[in-house]
Amino acid sequence: MKLKSLLTGVAVLTVMSGAAFAQDRTVNVYNWSDYIDESILEDFTKETGIKVVYDVFDSNEVLETKLLAGGTGYDIVVPTGTFLSRQIQAGVFSELDKSKLSNLDNMWKQIEERVQKYDPGNKYSINYMWGTTGIGYNVDKVKEVLGEDAPVDSFDLIFKPENMEKLKECGVFVLDAPTETFPAALNYLGMDPDSKDPEELEKAAELWKSVRPYIQKFHSSEYINALANGDICVALGWSGDVLQARDRAAEADNGVTVEYSIPKEGALMWFDQMAIPADAQHKDEAHEFLNYIMRPEVMAKASNYVYYANGNKASQEFLNDDVIGDPAIYPSKETVENLYTVTAYPPKVNRVVTRFWTSVKSGQ
Amino acid sequence: MDQEQNTAPTRRTLGGWLLIAVPYLWLLILFLAPFLIVLKISLSEVAVAIPPYLPTFDLAEGWAGFTESLSQLSFENYIWLTEDDLYWKSYLSSVVIAGISTILTLLLGYPIAYGMARSPQAWRPTLLMLVILPFWTSFLIRVYAWIGILKNEGLLNQLLLFLGVIDEPLVILNTNIAVYIGIVYSYLPFLVLPLYASLERLDGSLLEAAEDLGCPPWKAFWNVTLPLSLPGVIAGCFLVFIPAVGEFVIPDLLGGSNTLMIGKTLWVEFFNNRDWPVSSAVAVILLLILVIPIVLFQNQQQKMSEKNG
Chain X
1 MKLKSLLTGV
11 AVLTVMSGAA
21 FAQDRTVNVY
31 NWSDYIDESI
41 LEDFTKETGI
51 KVVYDVFDSN
61 EVLETKLLAG
71 GTGYDIVVPT
81 GTFLSRQIQA
91 GVFSELDKSK
101 LSNLDNMWKQ
111 IEERVQKYDP
121 GNKYSINYMW
131 GTTGIGYNVD
141 KVKEVLGEDA
151 PVDSFDLIFK
161 PENMEKLKEC
171 GVFVLDAPTE
181 TFPAALNYLG
191 MDPDSKDPEE
201 LEKAAELWKS
211 VRPYIQKFHS
221 SEYINALANG
231 DICVALGWSG
241 DVLQARDRAA
251 EADNGVTVEY
261 SIPKEGALMW
271 FDQMAIPADA
281 QHKDEAHEFL
291 NYIMRPEVMA
301 KASNYVYYAN
311 GNKASQEFLN
321 DDVIGDPAIY
331 PSKETVENLY
341 TVTAYPPKVN
351 RVVTRFWTSV
361 KSGQ
Chain E
1 MDQEQNTAPT
11 RRTLGGWLLI
21 AVPYLWLLIL
31 FLAPFLIVLK
41 ISLSEVAVAI
51 PPYLPTFDLA
61 EGWAGFTESL
71 SQLSFENYIW
81 LTEDDLYWKS
91 YLSSVVIAGI
101 STILTLLLGY
111 PIAYGMARSP
121 QAWRPTLLML
131 VILPFWTSFL
141 IRVYAWIGIL
151 KNEGLLNQLL
161 LFLGVIDEPL
171 VILNTNIAVY
181 IGIVYSYLPF
191 LVLPLYASLE
201 RLDGSLLEAA
211 EDLGCPPWKA
221 FWNVTLPLSL
231 PGVIAGCFLV
241 FIPAVGEFVI
251 PDLLGGSNTL
261 MIGKTLWVEF
271 FNNRDWPVSS
281 AVAVILLLIL
291 VIPIVLFQNQ
301 QQKMSEKNG
């Protein structure tokens, strides 16, 4: 899975600056794959003369392992809130120097408040994007298999074996991220999605096992292309990724229509946070980069490209209508109330969850 | 005369020592030292820190500290491995997958090596070149190419559908069959090369003698060629089997979610659980499992050279 992301991300994208006076200024950014409009990096280099070395990953686990090994060489990394909180405990990050971040006022207070759960006082990170984990589906194929009233707005689609049995023939992918799949199952079963109780987690694992035979693959980035090409008809995935698939299918004009839905039972709301590792070599440049990213037009450009909502209130006036106006990206107030957040698993519980997930995936 | 004889051997011994020292130094730096680090981590405990485990032997504490930590050593991580059957199943399944792949590679590789060794002298460099040629492309990209070939809408299925051999695409990708194909393909040259070397050296007059004495070709092959090529067969098989047991890339890219191999289990332990101590323990056990065939192989090699010498 992980090696694939390295290749699909075409690894390292280097943006060179023509400016000779700043030949030594560099910032090393490690972000999720398919997560930025690359012209932002070029513009940043043009304006500041700072060279951006951009590298990508597709799982929090890979990022975290690198950070915990130390000496990553990255100046900016983008972990999800739950992972960020544990990394702060481990002493991975250095506190932001807010005097260098004049654009902080642009940020969305509501999002900052929610993020406090992971980063108390918003000391170590700024929000880059946030989104939900829901259902991506191929409109025509799902109708063909399950009929007109297919429950696409409900987790019944994924957790009811009778539905999955039929969906199997057109293909179902699920995120390979236990920290997201377990909360979804717990929530569907009417339990606390943030539960750390091994017995409840086992019930969530049982639910996944009941539909396991119908799942073609567990993977955290391949579903974008698979949905767009019409190779699969349902994916449990991240909002923006599914919407990127929708966009690619529309561009390819291949007769595939992809849609994203936030299930009515509620969905996981997550936050991807930009932070600076304690051992970063270019902290000044990293702050400059963060401050640049927090400009309203820049953040809007990023969201317009990746179809994720951002934590920048001032950027909203620059967003395209198909972004700000799409309830799948910026959900309505009622939907947001129905979204839940989770906290990091303590090491012992984490081991239990991983073991359950391995047994779901491998049948062992 | 006497003096010369006395000095010559001493000089040779010194040179000999130096010669032996090079591979030993190599082993010390690139094998023993990393192994000791892994062993050390495997005896430690997880922590929320950088790096994510508690230090065991702290060199700053000197000899007293060393002996003290020696008395406090905990084999908890190794005991943990015995408590969950996942690890044993992974080891076993890796050995089985590697074993089957090795046999398949041998069945495919022997005719290739044999054909090369029997081909006209002028062709051999070209054939040898063709065997080595795939190495010019990255291993990762070659494994990726198999995804394109094996997937449901892939080249293989399209060809078979076109030829009318099948009515529905075969599901090969994300199954163990794809893993076998990947391993056999990737490791074939490692078997063909040593095997070709031993087949090429084979004394042709022995086969002529067998023929003259009325031995049919298949029997000559069975009684003469095969036993004489055995060292090549064994060397090739080990070169396939040993890396295949610990293989991660091929099962990860081509295998399905239910393909259980120790390389993947190790990955999950390291990345998802962030449990460096347990993953180190898994690695140490894997090494022990692999060292046994290597030792057997060396013994066999030694016997062979003694026989020949």
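Residue numbers (our numbering), protein chains in the order written: chain X, 1 to 364; chain E, 1 to 309. All C-beta atoms in this analysis are idealised placements derived from N, C-alpha and C, irrespective of residue type, glycine included.
When rounded, the separation of the alpha-carbon atoms in residue 167/E and residue 161/E is 6 Å. Only buried fits residue 87/E, as 16 or more other CB atoms lie within 10 angstroms of its CB. If only complete runs of 4 or more residues are kept, the region 80–131 of chain X shows the alpha helix (DSSP H) at 81–89 and 109–115, in order along the chain. If you draw a straight line from the Cα of residue 139/E to the Cα of residue 158/X, it comes to about 37 Å.
Using a Cβ-Cβ cut-off of 7 Å, residue 48/E counts as an interface residue toward chain X, since at least one Cβ of chain X sits closer than that to its own. Residue contact check for residue 94/E against chain X: no CB pair falls below 7 Å. Listed in chain order, the alpha helix (DSSP H) runs fully inside the region 229–293 of chain X are 239–252 and 283–293, counting runs of at least 4 residues.
Rounded to the nearest angstrom, the Cβ distance from residue 138/X to residue 258/X is 6 Å, consistent with a contact under 8 Å. Taking CB atoms only, residue 260/E has a neighbour in chain X less than 7 Å away. Remark: fewer than three beta-carbon pairs, one from each stretch, lie closer than 8 Å, so the region 168–177 of chain E and the region 125–142 of chain E are not flagged as touching. Look at the beta carbons and you see the region 65–74 of chain X touching the region 276–290 of chain X: at least three pairs across the two are nearer than 8 Å. Excluding its 5 nearest sequence neighbours in each direction, residue 251/E has C-beta neighbours in its own chain below 7 Å: 179, 259, 261, 263 and 264, listed in chain order. Residue 150/X carries a coil assignment under DSSP once its states are collapsed to helix, strand and coil.
A Cβ-Cβ contact shorter than 7 Å links residue 98/E with residue 244/E. Nearest C-alpha to residue 222/X among 89/E, 253/E, 23/E and 54/E: 253/E.
Counting along the chain, no alpha helix (DSSP H) covers residue 32/X; the unbroken beta strand (DSSP E) around it starts and ends at 26–32. Not a single C-beta of chain E is nearer than 7 Å to the C-beta of residue 120/X. At a beta-carbon threshold of 7 Å, none of the residues of chain E lie near residue 263/X; the nearest stands roughly 23 Å away. Using a Cβ-Cβ cut-off of 7 Å, residue 354/X is close to 268, 272 and 273 of chain E, given in chain order. Contact of residue 86/E with chain X by beta-carbon distance below 9 Å involves 355, 358, 359, 362 and 364. Per DSSP, residue 53/E lies in no alpha helix (DSSP H) and is assigned neither H nor E. When the beta-carbon positions are compared, residue 219/X and residue 176/X come within less than 7 Å of each other. Taking 7 Å as the cut-off, the Cβ atoms of residue 103/X and residue 294/X count as close. Along the region 64–75 of chain X, going in chain order, the ones with a CB nearer than 8 Å to a CB of chain E are 64, 65, 67, 68, 69 and 70. Residue 76/X is bridged by DSSP to 29/X. At a C-beta separation below 8 Å, residue 336/X has no neighbours in chain E, since its nearest C-beta there lies roughly 30 Å away.
When only Cα atoms are considered, residue 117/X and residue 343/X end up about 8 Å apart.
Within the region 128–206 of chain X, the complete beta strand (DSSP E) segments of 3 residues or longer fall at 172–174, listed in chain order. Taken through DSSP and simplified to helix, strand or coil, residue 56/X comes out as strand. Taking 8 Å as the upper bound for CB-CB distance, residue 260/X and residue 242/X are in contact here, some 4 Å apart. In this structure, the alpha-carbon of residue 136/X lies about 15 Å from that of residue 250/X. For residue 353/X, the enclosing alpha helix (DSSP H) begins and ends at 347–362. By the neighbour-count criterion, in which 16 or more other beta carbons inside 10 Å mark a residue as buried, residue 129/X falls on the buried side.
When C-beta atoms of the region 226–244 of chain E are compared with those of the region 24–37 of chain X, fewer than three pairs fall below 8 Å, so the two segments do not count as touching. For the options 262/X, 253/X, 61/X and 197/X, the alpha carbon positioned closest to that of residue 178/X is the one of 61/X. DSSP, reduced to helix, strand and coil, places residue 51/X within a strand of the structure shown.
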